[in-house]
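Colleague:
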Amino acid sequence: MNLLPYIKIIEDLKPLNQRLYYRIEHWKNYDFKNPIIQDDIDFITDNYKNGISRREIIDYFKHKDHILRRGFILTMIWGHGFSEHGKADNRGPWKVSQMLDNLNISEAILLKANKRLEKNDLIGAHEEFKDMKRCRVNFFSKFLYFLGRAKEMDYYPLIFDARVANTIGLLASTNQDLTSILNIQPKQDSHSFNNYVKEMHSLAKEYNLNADKIEYFLFKGV
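Anchor point for the sequence shown: position 143 equals 147 in the numbering used here, and the numbering is continuous, going up by one each time.
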């Protein structure tokens, strides 16, 4: 994938400043049928009234009193958010309620994924999510990314969603006009995710860039 024509654009990007917005009342008024999750939602809606930035999620995970589950919900709200002039994804609360339907199982998944990440085991961290409902790589890669950045890992996971996959398809294509009519999705298996992260970090080293600047460029599209 040739990034040379876009190097100056990528260099100027500030991914940690990316702020996404959400409808506070939509999340606050949803019945999660679990007071623990509702407390998390109340904490988030009380403390993040003007959207949520990547930096703010990383700072939350860095805090000594952070709760892994609460950071996951914060990430999912961000992941279902919209840009300043964008449109809300109203499925967010329902999807998160499905992800955390069995809270004991879900919290165990988050804890095990965190421990895998501490051992730099990206494949293992990915595979821990196989039993979480409604949570594909498009979303849990966001959680792993923020955790990795908070841990100040050199080789950290990266967000791998449909927007990123579509741009990779365009840049790797010999016919961008044809590729642009396709709906390209990320492969869901752990080895594809690991290869994606490996390739992005390799490109980052080649072009002397932060890997998440490349990911954010892919997210924004060409």
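For every residue, glycine included, the Cβ atom is placed at its ideal position computed from N, Cα and C.
1) So, Met136 versus Ile172, is the Cβ gap smaller than 8 angstroms?
2) Quick one: Cα of His67 to Cα of Ser177, how far?
3) Opposite Leu24 in the DSSP bridges: which residues?
4) With a CB to CB cut of under 6 angstroms and the five nearest residues on each side skipped, what residues in its chain are close to Tyr160?
5) Would the stretch 103-118 count as touching the stretch 46-60 if we require 3 or more Cβ pairs under 8 angstroms?
6) If we ignore side chains and look at the alpha-carbon of each, how far apart do Gly128 and Met80 end up?
7) Below 6 angstroms CB to CB, which residues in the same chain sit around Gln22 once its five sequence neighbours on both sides are set aside?
8) Between the stretch 184-200 and the stretch 81-101, are three or more C-beta pairs nearer than 8 angstroms?
9) Please confirm whether Gly55 and Tyr26 have their CB atoms less than 8 angstroms apart.
Modeller: Well, looking at it:
1) no
2) 42 angstroms
3) Ile56
4) Gly152 and Arg153
5) no
6) 21 angstroms
7) Arg58
8) no
9) yes
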